[in-house]
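First comes the structure, then the notes that go with it.
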Amino acid sequence: MDTMRGALERARMLVGMEVDEESAPEEQSFFDDVTRNCALTTTQRLYGFAICLAAGLTCTFLSMLVFFNPVKFGVTFTLGNLMALGSTAFLIGPKRQFDMMLDSVRIYATAVYIASIIIALFCALFVHSKLLTLLAIILEFGALVWYSLSYIPFARSVVSKVMTSCFDTEF
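Under full-length UniProt numbering, residues 1 to 171 are what the sequence shown spells out, in order.
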């Protein structure tokens, strides 16, 4: 019975629901305050996740319509990525999302992904260079793939080995 209760508590934690913990009160952080004040029911979390993910994927796919205008493509593609990334905060909460992004396993992937988003938006909105925007979008897409692979156990090492065997170079 205890194993069933433990499994249910882990499942609740995974989707961001509160779990009864009998531990000493911890120091409150900004994210704890935001999470507590913006408490959503499970249904509201799922709706928020679905709507935000659908909007992000829609922006990403609609960006293909303006592919030959790299400035518009860069903005809509990046906006779609940000909405899709933010959708997971509805499932697990903003604090846990932020903590997972800064986990030692994916801190470098997160940094490169966020930097590539900033570079893509900068090139699209301020530099107005089609070539630089296109290069930044390619970098952003690669960083997104590498960041996403960090959530799948051993995926990055498998991809590195495949790339090494295919191109005889190490990434």
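Think of the CB as a built atom: it goes at the ideal place given N, C-alpha and C, for glycine as much as any other residue.
Treat the numbers as computed from the prediction; the structure is a model and nothing was measured.
Put simply, the backbone Cα of Tyr47 is about 10 Å away from that of Leu53.
By the criterion of a C-beta distance shorter than 6 Å, Leu121 is surrounded in its chain by Thr78, once the five residues flanking it on both sides are discounted. One alpha carbon belongs to Arg96, the other to Ser150, and they sit about 16 Å apart. Counting C-beta pairs with one atom in each stretch, the segment 52 to 72 and the segment 86 to 104 have three or more that are closer than 8 Å, which means they touch. Separation of the CB atoms of Ala124 and Gly74 is rounded to 4 Å, and the pair is thereby assigned contact status at 8 Å. Going by beta carbons, Ala143 and Ser104 fall outside the 8 Å limit. Nearest neighbour of Met100 by Cα position, chosen from Ala136, Cys59, Tyr147, turns out to be Tyr147.
When C-alpha distances from Arg106 are compared across Ser157, Ala136, Cys166, Met64, the shortest belongs to Ser157. Annotation: Ala50 to Cys166 spans about 37 Å, alpha carbon to alpha carbon.
Boundaries of the alpha helix (DSSP H) harbouring Cys59: 42 to 62, taken from the DSSP string.
A straight line joining the alpha-carbon of Leu131 with that of Ile138 spans about 11 Å.
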